[in-house]
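Input: a single structure, listed below in structure tokens.
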């Protein structure tokens, strides 16, 4: 079972995270997510345990625990969803740097019906 661990102290190392969960059973992996530009911890990570019952017990007992003065959040990790919200989209809605699609929500738009941002062409214009 994959477990999400949040509100971690930024100084916590992956080996320390692994040790917390090894008290409850075998740990397949323990990863702390870091910023790709600075390399600093983002304050959350994931632990994967081989036995679901042991993982559930770890979740129940470690959720709300104090680690270096911080109250950590521990729960079952959810599958990654593809939300496609904003960002560098090429169609659809949601804003960001959007290139097309009707009903887009702003950003630097290059086409479609625009509701804000810097529009460069597209379906309709309010200018004459």
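Numbering (this note's numbering), first residue to last: 67 to 194.
Ideal Cβ placement from N, Cα and C applies to all residues, glycine included.
Comparing alpha-carbon positions, which option in the options lies nearest residue i?
i	options	result
residue 67	79, 107, 82 and 112	112
residue 71	79, 98 and 93	98
residue 119	136, 146, 90 and 105	90
residue 69	122, 85, 108 and 101	122
residue 144	107, 109, 114 and 101	114
residue 142	107, 86, 126 and 131	126
residue 100	84, 79, 135 and 94	79
residue 110	147, 148 and 136	136
residue 86	147, 148 and 128	128
Using 10 angstroms around the beta-carbon of residue i, count the other beta-carbons present and answer buried if the total reaches 16, otherwise exposed.
i	result
residue 124	buried
residue 155	Confidence is the limiting factor: at residue 155 the pLDDT is only 49, short of 50, which leaves the residue's position unreliable, though a coordinate-based value still follows. The residue is buried, with at least 16 neighbouring Cβ atoms inside 10 Å.
residue 76	exposed
residue 103	exposed
residue 96	buried
residue 185	Only weak support is given to the placement of residue 185: the predicted model assigns it a pLDDT of 46, under 50, and the value that follows is read from those uncertain coordinates. It counts as buried.
So, under 8 Å CB-CB, residue i and residue j are touching, yes? Tell me the CB distance rounded to an integer number of Å.
i	j	result
residue 74	residue 140	Not confirmed; about 10 Å, so no contact.
residue 82	residue 116	Actually they do not touch by this definition, with Cβ atoms about 20 Å apart.
For residue i, would you say it is in contact with chain C, using Cβ-to-Cβ distances shorter than 8 Å as the test?
i	result
residue 125	This model lacks chain C altogether; it includes just one protein chain.
At 3 residues or longer, what runs of the beta strand (DSSP E) sit wholly inside the segment 88 to 147?
93 to 100, 107 to 115 and 139 to 142
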